[in-house]
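Going by full-length UniProt numbering, the sequence shown wraps up at 303, each residue one higher than the last. Worksheet: one structure, shown below.
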Amino acid sequence: CVQGGTTAIPGAFGCGKTVISQSLSKYSNSDVIIYVGCGERGNEMSEVLRDFPEVTKLFFFFFFFFLTMEVDGKVESIMKRTALVANTSNMPVAAREASIYTGITLSEYFRDMGYHVSMMADSTSRWAEALREISGRLAEMPADSGYPAYLGARLASFYERAGRVKCLGNPEREGSVSIVGAVSPPGGDFSDPVTSATLGIVQVFWGLDKKLAQRKHFPSVNWLISYSKYTRALDEYYDKHFTEFVPLRTKAKEILQEEEDLAEIVQLVGKASLAETDKITLEVAKLIKDDFLQQNGYTPYDR
1 CVQGGTTAIP GAFGCGKTVI SQSLSKYSNS DVIIYVGCGE RGNEMSEVLR
51 DFPEVTKLFF FFFFFFLTME VDGKVESIMK RTALVANTSN MPVAAREASI
101 YTGITLSEYF RDMGYHVSMM ADSTSRWAEA LREISGRLAE MPADSGYPAY
151 LGARLASFYE RAGRVKCLGN PEREGSVSIV GAVSPPGGDF SDPVTSATLG
201 IVQVFWGLDK KLAQRKHFPS VNWLISYSKY TRALDEYYDK HFTEFVPLRT
251 KAKEILQEEE DLAEIVQLVG KASLAETDKI TLEVAKLIKD DFLQQNGYTP
301 YDR
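Listed below in C-alpha cells is the structure:
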C-alpha cells in the first residue's frame with residue numbers, strides 16, 4: 001500500500017487478519033496509528049493494550065528488537081503514536097456503527113495537523129452487520145443477504161476519506177490517511193456482499209487463503225488472487241534505484257502461476273513424468289513460497 005491508499009484484507013476465521021493488522025500497527029512508518037476494534041473479541045483488544053504500552057523486547061539469535069520510536073530525540077513506546085477505538089462484540093450495535101466513523105474522524109484530525117496516519121479497521125464485516133441490524137429494526141427494505149441497499153455507498157464513503165492532502169493555512173503541511181480494512185466473510189466466501197462491495201472500492205487486495213493457513217504458511221496471502229493497483233506509481237522509483245525489481249517481480253509471478261498449472265498434472269500422473277524444465281519450475285516456485293513469501297519466526301528480519 002502507499003501513503004493515502006486503501007487496502008482490504010478478507011479472509012476466513014483463523015487466517016491471520018488480526019495479526020496482520022497488529023503487525024502493520026507495530027512496524028508501520030506512519031506518524032500516527034488509529035486502531036479500531038469493531039465488534040471483535042475482547043481478548044484481541046486486550047493484547048494491544050498489553051503489548052503496545054510496554055517497551056517490548058524481542059530476542060532472536062542474539063538480535064534484540066524494541067517496539068519503540070524516537071520522538072524529539074527521546075525513545076518512546078509505540079503506544080505514544082497509537083490511539084485505540086475499542087468496540088468489542090458485547091457492546092451495543094449503535095456503538096459498533098459509530099466506532100468506524102470515530103476512527104476515521106480521528107485520522108482526519110491528525111492528518112490536518114500534517115501527520116501521516118494509518119487507520120486499521122478490524123473488521124468492517126462486523127460494522128456491516130451492525131448496519132444490517134439497525135436497518136432491520138428501522139423496517140428498511142433489505143437487499144442481498146439482508147444487508148441494507150445502501151451498504152455499498154456507506155463503504156465507499158468510508159474508504160474514500162483516505163488520501164494524501166496539502167492542508168490550507170499556515171504553516172504549510174502535508175498529511176495523509178491510509179486505511180487498512182479487515183473483512184470477515186462467512187466461511188471465507190469472497191462473493192459475500194461486504195467483500196464484493198469492498199473490492200470495487202479499494203486499490204490493494206490481500207486475499208487470505210484458508211488452505212495456506214492450515215499448512216501454517218503465514219502470512220496466508222494468496223499470491224494468485226491478490227493485487228495492488230499502486231505498483232505503477234513506483235515503477236519510476238524502481239527504474240531509477242532498482243532496475244531489476246520490476247522484471248524479477250514479473251518473472252516470480254509467472255513462475256508461481258506455472259506452478260499452479262502444473263499442480264493439477266502432478267496430482268494426476270505424478271512429478272516423475274514431468275519434463276526437466278517443469279521440475280525446475282516446481283523447485284524454484286517452492287523456494288519462492290517457502291523462503292520469500294512465508295515469514296520465519298526464527299529470522300531477525302521477519303521479527
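Virtual Cβ for every residue (Gly too), placed ideally from N, Cα, C.
DSSP-derived helix/strand/coil call for residue i
i: I78; result: helix
i: I104; result: helix
i: T243; result: coil
i: S30; result: coil
i: A121; result: strand
i: E40; result: strand
i: G181; result: strand
i: L24; result: helix
i: V266; result: helix
i: V93; result: helix
i: D291; result: helix
i: Y115; result: coil
i: A12; result: coil
i: L84; result: strand
Beta-ladder partner(s) of residue i, from DSSP
i: K166; result: E174
i: S228; result: V204
i: V221; result: L208
i: Y35; result: L84 and M120
Exposure label - residue i; buried when at least 16 CB within 10 Å
i: H241; result: exposed
i: R81; result: buried
i: P92; result: exposed
i: I179; result: buried
Short CB-CB distance (under 9 Å) between residue i and chain E
i: P148; result: Protein chains in the displayed structure number just one, and chain E is not present.
Discussion item. Could you tell me which whole alpha helix (DSSP H) segments of length 4 or greater appear in the segment 124-152?
Written reply: Counting whole runs of 4 or more residues, the segment 124-152 contains the alpha helix (DSSP H) stretches 124-137.
Worksheet item: Using 8 Å as the threshold, is the segment 262-273 in touch with the segment 230-243, meaning 3 or more CB pairs across them?
Response: Short answer: they don't touch.
Worksheet item: So, do the segment 198-217 and the segment 26-39 have three or more beta carbon pairs nearer to each other than 8 Å?
Response: Too few Cβ pairs lie closer than 8 Å, so no.
Worksheet item: Are the segment 17-24 and the segment 107-122 touching, with three or more C-beta to C-beta distances below 8 Å?
Response: Pairwise C-beta distances place the segment 17-24 in contact with the segment 107-122, as three or more of them are shorter than 8 Å.
Item to complete: Check whether the segment 96-110 touches the segment 40-53, taking contact to mean three or more Cβ pairs, one atom from each stretch, closer than 8 Å.
Response: No: the two stretches stay apart, fewer than three of their Cβ pairs being nearer than 8 Å.
Worksheet entry | Meets three-Cβ-pair contact criterion under 8 Å: the segment 126-139 and the segment 163-175 | At 8 Å Cβ cutoff, the stretches do not touch.
Practice prompt. Could you tell me whether the segment 136-149 touches the segment 198-207, using the rule of 3 or more Cβ pairs below 8 Å?
Written response: Note that the segment 136-149 does not touch the segment 198-207; fewer than 3 beta-carbon pairs, one per stretch, sit closer than 8 Å.
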